[in-house]
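Undergrad: Counting from 868, one number per residue, gives the positions in the sequence shown under the working numbering.
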Amino acid sequence: MQTQLSFANLSGIETELLVVAAVDTQTAKGTEAKPLPALFTAEAAVNAAAAQVLASGEYKAGANETVLLHAPAGLAAKRLLLIGLGKQAKVTVNSVREAAGTAVRFAKPRGIRELTFALPDAEALPGAAAARAAVEGAFAGDFDPDTYRSERKDQSIQSFLLAIEANADKVAVEGAFAEGVIVGESQNFVRTLVNEPSNKMTPTILGQRAAQMAREVGLSCEVCSTEKIRELKMGAFLSVAQGSAEPPALIVLKYEPEGVNDGPVLGLVGKGITFDSGGISLKPSAHMEEMKTDMAGGAVMIGAMRAIALLKPKVRAIAVICATENMPSGAAQKPGDVQRAMSGKTIEVINTDAEGRLILADGLTYARQLGATHLIDAATLTGACVVALGYAYAGGFANDDAIWAKFEGALEKSGEKFWRLPLGDEYAEMIKSEIGDIKNTGGRWGGAITAAEFLHVFAEETPWIHLDIAGVAWAEESRPYRAKGASGAAMRSVLEWVRSY
Ligand code: BES
Ligand code: MN
Ligand code: ZN
C-alpha cells in the first residue's frame, strides 16, 4: 500500500473514494429534537454534498457506521463515504485509527484500489497524533490473512492518500505520518508471522525471517540452535525443545545506535512457541490449531525491533526470542522431571503445558547476561489471564513502579489496553517445590499471577515488565476496521516504551 499526504482542498481531490468522518453530536437522551450528525470538516462543498443524507436522520454516525454517496455534487471525487466516529464526547485518536481501517476495509471488497481519507479536523484530535493513527489504522485495515487461498478475495489497496487541512502544522504532521507508516508496516509484519501455520513457521523459519528483517533495516542478528543453547546451559529452554523433531532457535537482535555508549540497555524477551500441543500434558483437540499463535510474544518483539531500527530512538535495545515447538514424543520431558535453568535454579515440571515460563526463564537470564538493565517480556502465557480479563485488556505485571509508570505513558501513545495485575509473596509461595527450587505451576487459582511470579524468579531485581497477551494476540471475530486472526497487539506499546527512554 502506497501512502501519501495532501494539503489540498477536499473538494478538488480527484479520487475514487473520498472518506470523511462524521460524529454523533447528541449529548443526552431527551425529548428535545435530536441534533443531526456533523462532519469533521469545515469545507462547505463537502458539507453541502452530505447535507441531504445527514438531514434524513437515516444515518446516525455511530462508531464505524458508513454511508456511501455516488457522484457527490460539487466534489471532484467519484464517491463520498461518511464514516461515523460515534458520540462526539467520546471521540479519541483511537476512533480515527478505527475509521481509517474501516475506510480501507470498505474499499477492498468493492474493487476500489485507491482512496483519500480526510483527517478529522477537531479540537479533541491533535493533528500529528491523529495523522499517525490514521496511517496505522489504514495498514491494519489493509491486512488480510488469506495467504494460502487460491483466489485471494480482497486485494490490497494500492494507494492511501491522507488529506490534511491546509492550516495544519505541516512539519509535525509529516513526521507523524512517516512514523505511522513504519509502525503500521511493523504491526502487519507481526501479524504475518503469527498467522502462519506451524508447518510454515518453524523455529528455524522464524529465525530466518528475523534475520532477513534485520538485514533489511540494519540490525545485528544472531540465530543459534541446540548446540549453542546447550553450551549456554539453557536447561529450561532445552527441556521444552527436547520433545520436538524441529530444532529450537535462539534469536538475538541488537540495536546499538551510534554515540549511545551508556545509559539503559532495554531487554525485550519474547515467547516463541511455534506450536504448543501441551507436550505430554497434551491439550484437548478443540481449538488446538490456535496454538500456532503461541509465538506471538516473540513476533511482537521482532516487529518492535524492526520499528525501533527505523525510528532510531537514542537508547540501546536487545531482543531475545526463544523459539521452539512444545511436542509430546518419546524424547519429551515428563511431568515430575526436574530441570536446571540457565540461572542455576532448579525447576520441577509439574505440567509440560506450562512451557512458556520455562523458555522465558532462560530468555530473561540471557538478556540480563547480555547487559539488559531493564526488561520487558511478552507472551501468550496463560489461559487464566484470559479468564481474568477477557479479550479487551491484556495483563501486565511489574516488579517496579517506575518501570510500570513508563509503560503506562507508552499506552497513552499506543492506544492499547493493559491492566496491571499484582505480584506478591503469597503467590510466590504457591510455586515453591518440595524437590527443587520452584515448580512450573501453582495450582488452579491466580494462574496468571503465579506464572508471572515464576518469571519474577529469573528477572530478580532487574526492573521488569511482563505482558500476558494470551487474550489479545488473536482476534476471534472480524471488525469493520480489521480482519480476524493475528492482531499484532502489544507491538506498539513495547515500541513506545522503548522510545520513552
Ligand atoms: N500457550 C498457553 C496459554 C494460552 C492459552 C495462550 C489460551 C492462548 C490462549 C500456555 O502455554 C499454556 O498452556 N498455559 C497453561 C498453563 C497451565 C498448564 C498452568 C494454561 O493456561 O492452561
Ligand atoms: Mn502450554
Ligand atoms: Zn504456550
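Backbone N, C-alpha and C define an ideal beta-carbon position, used for all residues, glycine too.
Tell me which same chain residues have a C-beta within less than 7 Å of the C-beta of Leu1149, skipping the five on either side of it?
TA: Cβ within range, chain order: Pro1195.
Undergrad: Three-state secondary structure (DSSP) at Val1361?
TA: In the structure shown, Val1361 sits in a helix (DSSP, three-state: H, G or I).
Undergrad: Taking only the alpha-carbon atoms, compute the straight-line gap between Gly1047 and Arg999 and give it to the nearest angstrom.
TA: Those two C-alpha atoms are separated by around 4 Å.
Undergrad: Label Asn1066 either buried or exposed according to how many other C-beta atoms from any shown protein chain fall within 10 Å of its C-beta, with 16 as the threshold for buried.
TA: Label assigned to Asn1066: exposed.
Undergrad: Report the option in Ala912, Thr933, Phe907, Lys975 whose CA atom is closest to the CA atom of Glu883.
TA: For Glu883, the nearest C-alpha among the options comes from Lys975.
Undergrad: Over the uninterrupted alpha helix (DSSP H) stretch that includes Lys1037, give me the two end residues.
TA: 1037 to 1062 is the extent of the alpha helix (DSSP H) around Lys1037.
Undergrad: So, is Ser1106 buried or exposed, given that buried needs 16 or more other C-beta atoms within 10 angstroms?
TA: Under this definition Ser1106 is a buried residue.
Undergrad: In this structure, what does DSSP give as the bridge partners for Arg1183?
TA: According to DSSP, which records beta bridges pairwise, Arg1183 is partnered with Val1132.
Undergrad: Does the Cβ of Glu1275 lie closer than 7 Å to at least one heavy atom of ligand 3?
TA: No, Cβ of Glu1275 sits at least 7 Å from all heavy atoms of ligand 3.
Undergrad: Between the region 1045 to 1059 and the region 1166 to 1174, can you find at least three pairs of beta-carbon atoms closer than 8 Å?
TA: Because the criterion of three Cβ pairs below 8 Å is met, the region 1166 to 1174 and the region 1045 to 1059 touch.
Undergrad: Give me the DSSP bridge partner(s) of Gln869.
TA: Gln869 pairs with Ser1026.
Undergrad: Would you say the region 1328 to 1336 touches the region 1265 to 1284, given that touching needs at least three Cβ pairs under 8 Å?
TA: A contact exists between the region 1328 to 1336 and the region 1265 to 1284.
Undergrad: Below 8 Å on the Cβ atoms is my contact criterion, and I expect Gly1074 with Ile1140 to pass it. Report the Cβ-Cβ distance as a whole number of Å.
TA: Their Cβ separation, rounded to whole angstroms, is 14 Å, which puts Gly1074 and Ile1140 out of contact at 8 Å.
Undergrad: State the Cα-Cα distance for the pair Glu1113 and Ser1210, rounded to the nearest angstrom.
TA: C-alpha separation (whole angstroms): 25 Å.
Undergrad: Out of Gly1262, Ala1251, Ile1243, Lys1100, which has the shortest C-alpha to C-alpha gap to Gln1206?
TA: Considering only alpha carbons, the answer is Lys1100.
Undergrad: Could you pull out every residue in the same chain whose Cβ sits closer than 7 Å to the Cβ of Arg1076, ignoring the five residues on either side in sequence?
TA: Once the five neighbours on either side are set aside, the close Cβ partners of Arg1076 are Leu1060.
Undergrad: What would DSSP say about Glu1003, mapped onto helix, strand or coil?
TA: Reduced to three states, the DSSP call for Glu1003 is helix.
Undergrad: Three or more beta-carbon pairs under 8 Å between the region 984 to 1003 and the region 1322 to 1331, yes or no?
TA: Segments in contact, no.
Undergrad: For Gly1352, name the three-state secondary structure that DSSP assigns.
TA: Residue state, collapsed to three classes: strand.
Undergrad: So, with DSSP's three-state summary, where would you put Arg1311?
TA: Three-state DSSP puts Arg1311 in coil, outside helix and strand.
Undergrad: With distances taken between CB atoms, is the gap from Ala1318 to Thr1232 smaller than 8 Å?
TA: No, the pair does not count as a contact, with Cβ atoms beyond the cut-off.
Undergrad: Chain B beta carbons: is any one of them nearer than 8 Å to that of Gly1291?
TA: No chain B is present in this structure, which holds just one protein chain.
Undergrad: Between the region 1344 to 1355 and the region 1290 to 1302, do three or more beta carbon pairs fall short of 8 Å?
TA: No contact exists between the region 1344 to 1355 and the region 1290 to 1302.
Undergrad: Only counting the same chain, and skipping five residues up and downstream in sequence, which positions put a Cβ closer than 8 Å to that of Gln1200?
TA: The residues are Ser1106, Val1107, Gln1109, Gly1110, Gly1146, Ile1147, Gln1206, Val1216, Thr1219.
Undergrad: Can you tell me whether Thr1014 is buried or exposed, with buried defined as 16 or more other CB within 10 angstroms of its CB?
TA: Exposed.
Undergrad: Report the rounded CA-to-CA distance for Ala922 versus Ile1024, giving the unit in angstroms.
TA: Each residue's Cα considered, the two are about 32 Å apart.
Undergrad: Does the separation of the CB atoms of Glu1192 and Pro1012 fall below 8 Å?
TA: Not in contact: Glu1192 and Pro1012 (Cβ atoms no closer than 8 Å).
Undergrad: What does DSSP give as the partner residues of Lys1121 in its beta bridges?
TA: In DSSP, Lys1121 forms a bridge with Ser1087, Ile1185.
Undergrad: Roughly how many angstroms lie between the CA atoms of Asp1009 and Met1358, to the nearest whole one?
TA: The alpha-carbon atoms of Asp1009 and Met1358 are separated by roughly 18 Å.
Undergrad: Which of the three DSSP states, helix, strand or coil, is assigned to Asn914?
TA: Of the three classes helix, strand and coil, the one that applies to Asn914 here is helix, per DSSP.
Undergrad: Can you name the residues that DSSP bridges to Phe1264?
TA: DSSP output for Phe1264 lists His1333 as bridge partner(s).
Undergrad: Which parts of the region 969 to 1017 are runs of the alpha helix (DSSP H), unbroken and 4 residues or longer, counting only runs that do not cross its ends?
TA: Runs of the alpha helix (DSSP H) inside the region 969 to 1017: 994 to 1009.
Undergrad: Which runs of the beta strand (DSSP E) spanning at least 3 residues fall entirely within the region 1196 to 1272, listed in chain order?
TA: Taking only runs of at least 3 residues, the beta strand (DSSP E) segments lying wholly in the region 1196 to 1272 are 1205 to 1207, 1213 to 1215, 1241 to 1246, 1261 to 1265.
Undergrad: Going along the chain, which residues of its own chain have a beta-carbon closer than 6 Å to the beta-carbon of Asp1161, five neighbours each way excluded?
TA: Hits under 6 Å: Ile1140, Asp1143, Thr1247.
Undergrad: Taking the alpha carbon of Asn1419 as the reference point, which residue from Ala1234, Ala1326, Thr1308 has its own alpha carbon closest?
TA: Outside the shown range of the chain (868 to 1368) lies residue 1419, about which nothing can therefore be said.
Undergrad: Do Ala1228 and Ala1251 have their C-beta atoms within less than 8 Å of each other?
TA: No.
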